[in-house]
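Working notes, beginning with the structure itself.
Residue numbers (my numbering): 1 to 421.
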C-alpha cells in the first residue's frame, strides 16, 4: 500500500485531520474502511463533490475499502453549512430521483471488483427511515450537548442572521449518526469530506466515541479557490456539473482548457492521477512554454475522459479544433455542434435572409456592423471556416450545418454562431 497521507499532502489536498499521527498508524496496520457522503441537493454532483470523490478513490487505489454514502435521508433535511438562509426542502420523490442519479455517478469512479477493496454505495435512508422520533431523541440526541452544537460554525453563523429551523439544526446529528451506523455495519473508521464539513464530520467522530468507546478518524480536503480569489468550479452560468445534460462534455472540456496558468498545476494535482514526475514536467512547461498550454490540455483531456468517456473527449477535441478552422465542421454531430455554439456569442433568427455582416454584429461576435465590414475587407471574416470577401454576402440554406447552424469567425480566435429556427 502507498502512503496515502503523504500523497494527499504533496497534492496539496489535505486540510484537516483529527489526529494525523494516529491515523497514519491505523493506515499502516492494513486496509481500513473509509467513507464520504454526498447529499442529493441537485440531480448531479459538481466539481466540489468530485474533489472529495477523488480523495475516496485515492484511498481505494492505496489499498483501502471505500463506501460512497448518498444522503437519501439527509438530502430531505438540508445541510446549513455554508448557507445564510434556510434551504427549500425538495419532495421525497425528487430526492429519491436524485439519489438514483448520484448513485450512478459515484459508481463510475469506484471499483467494485470482488476483493478486500471492493467499493459499496449505500443510502442513509436505509437506517434513518426506520428510526422513530423517540428512538432518535433517546438513543442519538442525548449524546449531543446543545451548547456544543450552538458553537459549530454552520450554526453560529446563522444565529447571527436569519436563524435556522430545528430541521436544519438537527442535520449534524443525522450525519453523525451515519458515521455510527457505518462503524457498526461496515467497521468504518475514517470519514472524508470537504473542509466545510469539518464540524459535521467531527460530530460523528465524537458520537462513535461516546456510544461505542471507539477512536475513529476524520479527514477533510481543502476548499479549492482560483488565483483571483473566486470560488473554483463556478461559471457565469452556474456550477460545473458532472451530468452531461447540465454541463455538456464540450463545455466541460473547455472549462479546464481555459484554466489560468496560476491554477493549472494545483488542479492537475487535485483532479488527475498524474504522477509527481509528470506534474513536475507540466509545471516546467507552464513556466517555459505557457503559450503551448500543455498542462491545460492534459488537465482537460484527463478529466473529460474520466467523467464523460473517451468518445465524448474525442468529440470535444474535434469540435474545439473545427470551430477554429482546424477540422471539418460538417463532420461534427448536431448535438456536439449545438453544445459548442452554446459557449460562444450567438444569435437565433427565425429564417435566413440577413447579410453576414449583420449576423456578425447581431451575434455579438463584433461590436458593430462597421466592424464586421472591416473584418470582411481585411480578410478576417469566415462562415463555416470559409473566408468571405463580399460584404453583401447573405448565407443561404446550403450553408446551414445540420439544417440550422452557422459558425461565424473573426480572425483566428473569435467564434460566434447563428441558430436558425
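Quick reminder that beta carbons are idealized off the backbone N, C-alpha and C, glycines included.
Length-filtered (4 minimum) alpha helix (DSSP H) runs lying within the segment 191 to 239: If only complete runs of 4 or more residues are kept, the segment 191 to 239 shows the alpha helix (DSSP H) at 198 to 212, in order along the chain.
Segment limits, beta strand (DSSP E) that includes residue 351: Note, residue 351: premise wrong, no beta strand (DSSP E); not H, not E.
Complete runs of the alpha helix (DSSP H) confined to the segment 306 to 346 [at least 4 residues]: Listed in chain order, the alpha helix (DSSP H) elements of length 4 or more contained wholly in the segment 306 to 346 are 310 to 323 and 334 to 341.
8 Å contact criterion, which residue 344 and residue 416 should meet: CB distance rounded: Residue 344 to residue 416, Cβ: 6 Å. Contact.
Residue environment, residue 357, which counts as buried when at least 16 other CB atoms sit within 10 Å: That one is buried.
Status (buried if at least 16 other CB within 10 Å, exposed otherwise) for residue 256: Buried, because 16 or more other Cβ atoms sit within 10 Å of the Cβ of residue 256.
Spatial distance of residue 1 from residue 359 (CA atoms): Low per-residue confidence applies at residue 1: pLDDT is 46, beneath 50, and the placement is therefore not dependable enough to give any value.
Neighbourhood of residue 44 by C-beta, 6 Å cutoff - its chain only, sequence neighbours within 5 removed: The beta carbon of residue 44 sits closer than 6 Å to those of 241, 242, 243 and 246, all from its chain and outside the five residues before and after it, given in chain order.
For residue 409 and residue 292, the rounded distance between their alpha carbons: Straight across, the Cα-Cα distance linking residue 292 with residue 409 is about 22 Å.
Inter-residue Cα distance where the pair is residue 102 and residue 353: Roughly 46 Å separates the two Cα atoms.
Cβ-Cβ distance between residue 313 and residue 264 below 9 Å: Taking 9 Å as the Cβ cut-off, residue 313 and residue 264 do not qualify as a contacting pair.
DSSP-derived helix/strand/coil call for residue 4: Taken through DSSP and simplified to helix, strand or coil, residue 4 comes out as helix.
Sub-9 Å separation of residue 220 and residue 15 beta-carbons: Taking the C-beta atoms as reference points, residue 15 is found nearer than 9 Å to residue 220.
Bridge-paired residues (DSSP) for residue 143: Residue 143 is not bridged to any residue.
Residue 17 and residue 218 closer than 9 Å at C-beta: For residue 17 and residue 218, yes; Cβs fall inside 9 Å.
Proximity to residue 13 [Cα-Cα], best of 19, 40 and 56: When only C-alpha atoms are compared, the closest one is 56.
Sub-9 Å separation of residue 38 and residue 70 beta-carbons: Yes, these two residues count as a Cβ contact at 9 Å.
Contact between the segment 365 to 379 and the segment 270 to 283 (3+ Cβ pairs under 8 Å): The segment 365 to 379 is not in contact with the segment 270 to 283.
Residue 41 (DSSP reduced to helix, strand or coil): DSSP places residue 41 in coil when its eight states are reduced to three.
Classification of residue 215 by the beta-carbon crowding that lies within 10 angstroms, buried from 16 upward: Exposed is the call here.
Member of 223, 98 and 253 whose CA lies at the smallest distance from the CA of residue 310: Considering only alpha carbons, the answer is 253.
Stretch-stretch touch, CB-based, cutoff 8 Å, three pairs: the segment 141 to 160 with the segment 169 to 176: The segment 141 to 160 vs the segment 169 to 176: in contact.
Residue 225, buried or exposed, once every other Cβ within 10 Å from all chains shown has been counted against 16: That one is exposed.
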